[in-house]
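If you read the protein sequences in the order shown, they are chains U and C. With our numbering applied, the first sequence has no gaps in its numbers, which climb one by one up to 503 at the end. With our numbering applied, the second sequence has no gaps in its numbers, which climb one by one up to 1030 at the end. Beta carbons are placed, not taken as given, at the ideal position from N, Cα and C, and that holds for glycine. The structure displayed is predicted, hence computed values, not measured ones.
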Amino acid sequence: MTTPPANEVTQLLHDWSQGNHEALERLMPLVHAELRRMAHRHMARQSPGHTLQTTALINEAYLRLVNHQEKEWQNRSHFFAVASQAMRHILVDYARSRQAARNGGGAQVFPLDEAVSIAEERAAELVALDDALRELADVDVRKCRIVELRYFGGLSVEEAAEVLSISPTTVMRDWNMAKAWLRRALDRREASGQE
Amino acid sequence: MKISPEQWQQIERLYHEGADVAPAERIAWLDQACGGDDVVRREVESLLAANARAESFIEAPPNDLAAAVLADEHQRTFIGQKFSHYRILSPLGAGGMGEVYLAEDTILGRKVALKLLPEDFTRERERVQRFKQEARAASALNHPNIITIFEIGQNDELHFIATEFIDGRTLRRRVADSPVPLREAIDIVIQAAAALSAAHDAGIVHRDVKPENIMLRRDGYVKVLDFGLVKLIEPPREEAVTLTGGDRATETKLNTDPGRAIGTPRYMSPEQIRAQEVDARTDIFSLGVVLYELIAGQAPFGGATPSEVVAAILHLEPRPLARFSPEVPAELERIVRKALRKDREERYQLVQELRTDLKNFQGEMEFAARLASARLPETAARSAGDDAAPGTWPSGADTRATPALSGEVSLSSPPASPRPGRKAAMAGGALLLAALAFAGIYWMRVCSREASFQMERLIRLTATGKAARVAISPDGKEVLYSFLDAGQESLRLRQVDTGGEIETLPPEKVTYYGMTFSPDGALVYYTRGEANTSVNVLYQSTKYGGSPRRLCANVDSPIGFSPDGLQIAFVRQRGRDRQLVVADSACGGERVLAVRRQPDGFRLRGPAWSPDGKWIAVAVENLTGTAFHTLVGVSVADGAEIPLTTQRWEIVNQAAWLADSSGLLVVATEPLGYQNQLWSQAWPKGPLRRITKDLNGYAGLSISADASRVATVQSERFMSIWVAPESDAARAVRITTGAQRDDGIRGLAWTSDGRIVYRSFAGGNPNVWIMKADGSENRQLSTSAHQNTDPMVSPDGSYIAWSSDRIGVRNIWRMNLDGGSVRQLTQGGGEWFPQVTPDDKWLVYQALAQDELDRLIWKMPLDGGAPVQLTDYPSYAPVLSPDGKLIVCNYRERPEAPVKTAVLSIDGGPPLKTFDLPGANLPDRPVRWTPDGSALAYIKVADGVSNIWSQPWRGGPPKQLTFFKSEEILNFAWSRDGKQLALARGVTVSDVVLISSQR
């Protein structure tokens, strides 16, 4: 697996910002793969148990994947939007596979270190959050995006505002309400015994 | 229910509007704003309610999860790969120095452990070389306690180490699984010391001794790993020269360089931290840290951040082990301290010396055990007839079998000699609280800028563990405190700077609710409850205890003085009313300034008068609905009330004004908090800041006139779960351990397969846990960050019912024994103490009356249906008889009457029988049925020692069931077959501390 040329990603980002939705479909796997690859490199270099900051990872991926000759600041925003989604996929896919494995789905589960047992515990939480986010997207897509950017992408309010071309105040209001909405959804889930 | 885009817009608008509406006015506002659209209203209301619970929810990115996920994926990518002739089979784990895999030696066909070193560690060839030399040299010693290295090699960029595969677990894992019995801890450290001794003789220093590097093989062998590995990551000494200028520089360095793989400095020696040249004595220190941690259940030098840990290693003395485990003998305490000396010249010089001392101690321990078991019959007989006279030697029964691990050692044991014989090896070291007492000085960070009090340091003034209340003189030079010993209280006056102390009032069977100095410092006022009367009396005397004078009765709180010293304020209980009363300093000219009616009353704590004389700060307890405490200011002029803090507290214990009126200090527990801490609240407006940040509890608060010194009582509670076969105290074994967890309080029950379900603060907030009766397979069941309490196991053993505020209001919930299938059972709010009838048809519990004034007993059909009210008098904490036909509960005849105990029918109505059982006058005190259902069982405290007694419920004399000689019991439960008794027992140590402010 090699890193795609910076120009390709830059071009795709550009196309996407021009309204070409196919570009996004081609972009996503590239970003997805790069995030994984970089994360593994971190893992090989650093001692286990080292925390991994998702934001830092995305930033680094951006620096590697996007051609900076272009100086298009929108690219950065668009890139973050894609990368936050990719990060969501990576984590949620893992959580779902983990659950499937535990419910007898086949893949062998190794008794690993503490870090992974955290993952075990939190997998269910994450799956529930992902489900709730899908429901939220049905009602209000923008709020869902904001959660993706803030939670999975680790973006600040200002950065999220830039990505979505809305004011920070609006982001803050959306974020506040999205949190309440999700909290409620998860509480209901728990209350009905689906946890 | 489908929401239209228009509705969604409306919901969104109203949601943001509603966020600014005070919760109390919200219902009216919703009625008006939603204009009859029920869908919109429901949505807005539930979203606003959820908002209150969403505070920190998803605020932090899931970095931990991302790291775990990717590490897991990463490790999997190595499976099947070959390094030299080793093929990786599966991951074994990961430590600070690399990932470890189980691999197969494809030539010899044996299993090996393969460690892959992170690339960051292996960049410098020279370092790798040094590491290899040292690791090989250690392995070559061929010592049974040193792991054997087969190969150190390289595959492309990755360096690996292949070692013998050890079928076992690391000491870190072992510690995490269950408490390590003392005997086992000593054995592990003796073996590790043997390994280090051999290495030291060969000139090899390990430098990184910690539980992760000590493996325990299944057959009991201890293996020390990773000799020399730390050479890969130590900073080169040239760099270190710049770090030795001062401690501060070192601390900064460690803190700002997280890239280094030194995950925690917890086991580092002071000289390592200072980056000085290290020698064998560094390993002695680290092994001392390990030993301390095994005994205490926590590391000797703690801290939330590496820099705090570093500061502790360099500056703080570890707390005496007796604080964690009262039965730690003095000799062991001495050994650990000698290993942990900060100055290495004062430490053990050879690890062999440490090992010899431990071996001797081990021998004494075993000898004592044999001796004790030989003497058992005589002492058991004695303990049965002897109600633990204070000062008697606690021997025999307690120390049987494994003397230091199970049973009892009295707090009043005589001091052990410095080089004790076998007696001391048996005896408890709780006395060391005094003998080894130290004035712990903790430097703490302060972040309060607004209220003028900024903590500079905290000094422990007493070391007996028995202080109850304290007052500081206006000049800040003396403290007057009450001293509680063997059920009696005395008052003592202590000079802060010289440590001189006199007893001003001798021990008596009384309770001091609080003491106050007069503003000129000459007189002291104290409120006192006396035996055989429920009337509390205010006295005045000189500070040395002379000319005591009874001022007036019916003063139910400590008093607060007006700034001019002419008036006093206090709280008085009259029926349901709690009155804030102002009077002159001789109790004349009484005036009721304000009244609050229970369950929303003033607390019986000392009111605090503001420096300008206009306000009196007083704590309020609101026990309706979701109960909370708060702090209000009452106007001296007209009795009007204003809030002094916007916080809704779990507990408000005591407040005091700062002299410059910039704010108040408050001893209080935040929502979900575990213990009272000291806070500052700016006045009239401004932030709330936490001043103390520790796991101790604080009670009472008294401040000097210039607000530079504060006295309070700091307490630590060590509560463990014990299991006593046949209720025999002598055979009781402690199965959980740890300070500030309150294991088993408000929740202790047996499953039908003999496991124990209990409540614990082990995870930081109250949760339901389950474990086997030997303490193994301990795990948390409830998961939410809420208050989970009162777990019980259904009679058929299939599920747990418990009380939780997990959806914002407190309800009864149920879950399976594995924590799954969580379901809400009650719908009201304010429901506690669930019980299930043997036929699984009814849930019995405590909940509020419809007018929310009293707490009553209710029952509810489990297959659906409305709750039925069973009592119409205040009644609490119901427990069903084994046949499910009777309920025992605590109750009050009238709202203001003292707590008694009642037996009533499962169908409700007036009590069939009432009992005035001895014990705490508290609604939630535990009363149980004996396993055969013939008697009530309760906790009786005599001279500070608790035991279980029974009272036949149809009549007859009470009978003592357990014969413990020390410690309090706060809860108990018999196993299903009635053969084992689980107990929540322990001690609380409380001492006066002085907190001074920066000037």
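Against chain C, does residue i count as a neighbour if the rule is that its beta carbon must be under 8 Å from one of theirs?
i	result
residue 490 of chain U	yes
residue 318 of chain U	no
residue 495 of chain U	yes
residue 434 of chain U	yes
residue 418 of chain U	Here the model assigns residue 418 of chain U a pLDDT of 36, short of 50, so the residue's position is not dependable, and the following value carries that caveat. Answer yes: the Cβ-Cβ gap between residue 418 of chain U and chain C drops below 8 Å somewhere.
Tell me whether residue i sits in a helix, a strand or coil according to DSSP, three-state version.
i	result
residue 960 of chain C	strand
residue 289 of chain C	In this predicted model, residue 289 of chain C has a pLDDT of only 30, less than 50, meaning its place in the structure is not dependable enough to derive any value.
residue 49 of chain C	helix
residue 370 of chain U	helix
residue 315 of chain U	helix
residue 395 of chain U	helix
residue 750 of chain C	strand
residue 329 of chain U	helix
residue 475 of chain C	Reliability fails at residue 475 of chain C, whose pLDDT of 27 lies under 50, so the model's placement of it is uncertain and no value is given.
residue 1034 of chain C	Residue 1034 of chain C is absent from the structure shown; chain C starts at 32 and stops at 1030.
residue 513 of chain C	strand
residue 321 of chain C	helix
residue 430 of chain C	For residue 430 of chain C, the pLDDT reaches just 28, beneath the cut-off of 50, and the residue's location in the model is therefore unreliable, although a value from the coordinates is still provided. In this structure, residue 430 of chain C counts as helix in the three-state DSSP scheme.
residue 434 of chain U	helix
residue 452 of chain U	helix
Residue i versus chain U: which residues are under 8 Å apart at the beta carbon?
i	result
residue 39 of chain C	447, 448
residue 1035 of chain C	The shown model of chain C, from 32 to 1030, leaves out residue 1035 of chain C, and the question about it has no answer.
residue 84 of chain C	491, 495
residue 1031 of chain C	The first residue shown for chain C is 32 and the last is 1030, placing residue 1031 of chain C beyond what the model contains.
Answer with yes or no whether the minimum CB distance from residue i to chain U is below 8 Å.
i	result
residue 318 of chain C	no
residue 843 of chain C	no
residue 835 of chain C	no
residue 244 of chain C	no
residue 35 of chain C	no
residue 81 of chain C	yes
With distances taken between CB atoms, is the gap from residue i to residue j smaller than 8 Å?
i	j	result
residue 878 of chain C	residue 823 of chain C	no
residue 777 of chain C	residue 821 of chain C	yes
residue 523 of chain C	residue 492 of chain C	no
residue 1006 of chain C	residue 976 of chain C	no
residue 242 of chain C	residue 202 of chain C	yes
residue 730 of chain C	residue 711 of chain C	no
residue 259 of chain C	residue 162 of chain C	yes
Around the C-beta of residue i, are 16 or more other C-beta atoms found within 10 angstroms, so that it is buried, or is it exposed?
i	result
residue 566 of chain C	exposed
residue 623 of chain C	exposed
residue 827 of chain C	exposed
residue 399 of chain C	buried
residue 575 of chain C	exposed
residue 752 of chain C	buried
residue 918 of chain C	buried
residue 1015 of chain C	buried
residue 890 of chain C	buried
residue 837 of chain C	buried
residue 74 of chain C	buried
Taking residue i as the query, report the chain C residues whose CB atoms sit under 7 Å from its CB, ordered along the chain.
i	result
residue 499 of chain U	838, 855
residue 430 of chain U	96
Whose Cβ in chain C lies nearer than 8 Å to the Cβ of residue i?
i	result
residue 460 of chain U	92, 93
residue 362 of chain U	92, 93, 94, 97
residue 481 of chain U	47
residue 455 of chain U	89
At a CB-CB cut-off below 7 Å, which residues of chain U make contact with residue i?
i	result
residue 43 of chain C	485
Taking C-beta pairs closer than 9 Å, name the residues in chain C that residue i reaches, listed in chain order.
i	result
residue 444 of chain U	Ordered by position in chain C, no residue passes the 9 Å Cβ test against residue 444 of chain U, which lies about 11 Å from the chain.
residue 399 of chain U	93, 96, 97, 100
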